[in-house]
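These protein sequence lines are chains A and B, in that order.
Under our numbering, the very last position in the first sequence is 270; numbers go up by exactly one each time.
Under our numbering, the very last position in the second sequence is 1309; numbers go up by exactly one each time.
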Amino acid sequence: MASSEEDGTVEEKENNNKKRTKSALTTAWLTFYNIAMTAGWLVLAMAMLRFYIKKGTHKGLYRSIARTLKFFQTFALVEVGHCAIGIVRTSVIVTGVQVCSRIFMVWLVASSIRQIQNEESVILFLVVWTVTEITRYSYYTFKLLNHLPYFVKWARYNFFIVLYPLGVIGELLSIYAALPFVRRSGMYSMRLPNKYNVSFDYYYCLIIVMLSYIPCKETVCLEPTFKLLQTSFSCKTHLTHSKGSKLAVRMRSINKKVIGSISSISENYG
Amino acid sequence: MSTAVVFFEVEILDAKTKEKLCFLDKVRNKLQRILYLPVPDPQWYPARQSIRLDPKGKSLKDEDVLQHLPVGTTATFYFRDLGAQISWVTVFLTEYTGPLVIYLLFYFRVPFIYAPKYDFTTSKHWVVHLACMCHSFHYMKRLLETLFVHRFSHGTMPLRNIFKNCTYYWGFAAWMAYYINHPLYTPPIYGEQQIRLALILFLFCQIGNFSIHIALRNLRPPGSKTRKIPYPTKNPFTWIFLLVSCPNYTYELGSWLGFTLMTQCLPVAFFTLVGFIQMTVWAKGKHRSYLKEFRDYPPLRSPIIPFIL
């Protein structure tokens, strides 16, 4: 009996060691990832500033940073993996939709439709994304290093109030500007008749994407952000009670009436 | 020996807030009586009430007898509101009638779908007529099965499911029907051979699917809610039970593969794929619960595809 007890504790120790090394590895990787992404977006910001200062105009800015942007924005797919394997506590779907909408904007709108690359709306969402991502990734980095400067925390919770609507406006205006070029060129579209018996019109797809910004951005971006802010400011009780209280109020009223007629019920059940 | 009448005292607490909702004394055996409490608010109909022994546990059933539950003479139950409910039969009938009607609207080329010169015309390809017959047959079969064959273990499901399910079925039906009945439809590349093979596959799987539904119905005598392991019967179409836990889904997949092959239409392929993913999830869940419930469950069986999935 004594030996089995020993074995038990040895196994436990082994498991605990495994868990500790796993979480140390996880933290190391996440720290590295967030530092790398902060650096990447900083590089983008510098490149954009340098171009503007040198050339004095935003025309051609997108072409100059396109490759770096594509690299770092696409690399963010890794975050979906983080959620999937559980080292980051966010819903896979929420992260997936957010990353996919960014990748859609970069690859399928801005990079592929050359004629809109000099539009102001493109520069607008680029700037917004850059500031947002630098704030976000540096926040995560500092949090992982257990040393979060107040400024970074403040920025994370306040910048988005301005940046979020600006970003949406930039993206929507860019897609809107792209519409006539898409229609004229018929890009990414397939017409009947064809042997797959299907058709696809990228023009109408873009219109649907624009319309879906309203419900999607609300559920996928705004709500999770609000929840994040509320839990961080310890408003957890506020959230959980708001759903339970309606039911509790109803049941309390039923409760009163039921208790009031307990004698008649027990007669029925007798 | 006279059986003593045992009375219970029951208190019901809200599962989330642990508040005492009501207290009943002199309750006799069946849980059912509690569910049919004369509650003042007609909103709390029995189908919506979930009564459980543990706040996070499973719901107790209507037929549960208080004496056989692990409670003393004073029982504590937890109440959870399941939200507005709707009966399974209603949902099935609605979600299956939609595709039946919608497909026919496209088949007859009702105005405002295609260009006006095609209104009320018919396709020149005979495979389009065949596809319409198969599609309509499939949904008619489903409707009749819902009315006369299926035995449902739960009476109801949450109300929001009807909107979700109808959007799925009706939406996909419209999308498929639009292309199959389109004036510019292209018939399958391999022509008659492809269509014939597809039709055989489709009919074979339809009969198979029906056989499985009948076999499952016969497992359970009317009114009972007992659960048993399904086994192959004299009907050869049920011999697939040797290899698969949920052959009704296997046959359903086969039917839609047949339809895809018959129409050679990408939207149909998409519909088949999405349906396959959903049915695999269901089959795996069912397979798991079979394994949990029955010690002697045949080990050779896979959830939906023999040996593979």
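By construction, the Cβ of each residue, glycine as well, lies at the ideal position given by its N, Cα and C atoms.
Since the structure is predicted, the reported quantities are computational estimates derived from the model, not experimental observations.
Report the CB separation of residue i from residue j in whole angstroms; it is logged as a contact under 8 Å.
i              : j              : result
residue 1292/B : residue 1245/B : Rounded, the Cβ-Cβ distance is 12 Å, inconsistent with contact.
residue 34/A   : residue 150/A  : With a Cβ gap of about 19 Å, residue 34/A and residue 150/A do not count as contacting.
residue 1267/B : residue 1179/B : 6 Å
residue 63/A   : residue 115/A  : Residue 63/A to residue 115/A, Cβ: 12 Å. No contact.
residue 83/A   : residue 92/A   : 4 Å
residue 1110/B : residue 1146/B : Residue 1110/B to residue 1146/B, Cβ: 26 Å. No contact.
residue 28/A   : residue 109/A  : In fact, because the Cβ distance is near 36 Å, the residues do not count as touching under 8 Å.
residue 1053/B : residue 1069/B : 7 Å
Express the C-alpha separation of residue j and residue i in angstroms, rounding to a whole number.
i              : j              : result
residue 168/A  : residue 124/A  : 10 Å
residue 1200/B : residue 67/A   : 53 Å
residue 243/A  : residue 1095/B : Confidence in residue 243/A is poor, its pLDDT being 47 and thus under 50, which makes the residue's placement unreliable; the coordinate value appears in the next sentence. So the alpha carbons of these two residues sit roughly 31 Å apart.
residue 134/A  : residue 1297/B : 56 Å
residue 148/A  : residue 1047/B : 51 Å
residue 132/A  : residue 154/A  : 13 Å
residue 18/A   : residue 1280/B : 34 Å
residue 23/A   : residue 30/A   : 10 Å
residue 1173/B : residue 221/A  : 32 Å
residue 121/A  : residue 172/A  : 8 Å
residue 1193/B : residue 1127/B : 12 Å
residue 193/A  : residue 1265/B : 11 Å
residue 946/B  : residue 1080/B : Given a span of 1001 to 1309 for chain B in the structure shown, any question on residue 946/B remains unanswerable.
residue 1058/B : residue 1022/B : 21 Å
residue 9/A    : residue 87/A   : 27 Å
residue 215/A  : residue 47/A   : 34 Å
residue 1050/B : residue 69/A   : 52 Å
residue 996/B  : residue 1139/B : In this structure chain B extends from 1001 to 1309, so residue 996/B is not present and cannot be described.
residue 1040/B : residue 1024/B : Any answer about residue 1040/B is weak, because its pLDDT of 47 lies below 50 and its placement is not dependable; what the coordinates show is given next. Going by the C-alpha atoms only, they are around 16 Å apart.
residue 1290/B : residue 1163/B : 30 Å
residue 65/A   : residue 113/A  : 15 Å
residue 51/A   : residue 105/A  : 22 Å
residue 1018/B : residue 1085/B : 24 Å
residue 1308/B : residue 1014/B : 45 Å
residue 1149/B : residue 1196/B : 30 Å
residue 1206/B : residue 1141/B : 9 Å
residue 1253/B : residue 1083/B : 33 Å
residue 190/A  : residue 1283/B : 36 Å
residue 1008/B : residue 1073/B : 5 Å
State yes or no: is the beta carbon of residue i nearer than 8 Å to at least one beta carbon in chain A?
i              : result
residue 1168/B : no
residue 1184/B : yes
residue 1265/B : yes
residue 1180/B : yes
residue 1189/B : yes
residue 1192/B : no
With a threshold of 8 Å between beta carbons, is residue i in contact with chain B?
i             : result
residue 193/A : yes
residue 64/A  : no
residue 188/A : no
residue 197/A : yes
With hydrogens ignored, establish whether the beta-carbon of residue i is closer than 7 Å to any heavy atom of the ligand MN.
i            : result
residue 80/A : The ligand MN is not part of the structure shown, which contains no ligands of any sort.
Answer yes or no: does any C-beta atom of chain E fall closer than 8 Å to that of residue i?
i              : result
residue 1054/B : Chain labels in this structure do not include chain E; the protein chains are A and B.
Three or more C-beta pairs below 8 Å linking the segment 136–154 of chain A and the segment 49–66 of chain A: no
Short-range partners of chain A found in the segment 1267–1300 of chain B, where Cβ spacing is below 8 Å: 1267
Proximal residues, the segment 84–114 of chain A versus chain B, C-beta separation under 9 Å: none
Three CB pairs or more closer than 8 Å across the segment 1184–1192 of chain B and the segment 193–200 of chain A: yes
Stretch pair the segment 1232–1244 of chain B + the segment 1200–1218 of chain B: three plus CB contacts closer than 8 Å: yes
Stretch-stretch touch, CB-based, cutoff 8 Å, three pairs: the segment 73–80 of chain A with the segment 156–168 of chain A: No: the two stretches stay apart, fewer than three of their Cβ pairs being nearer than 8 Å.
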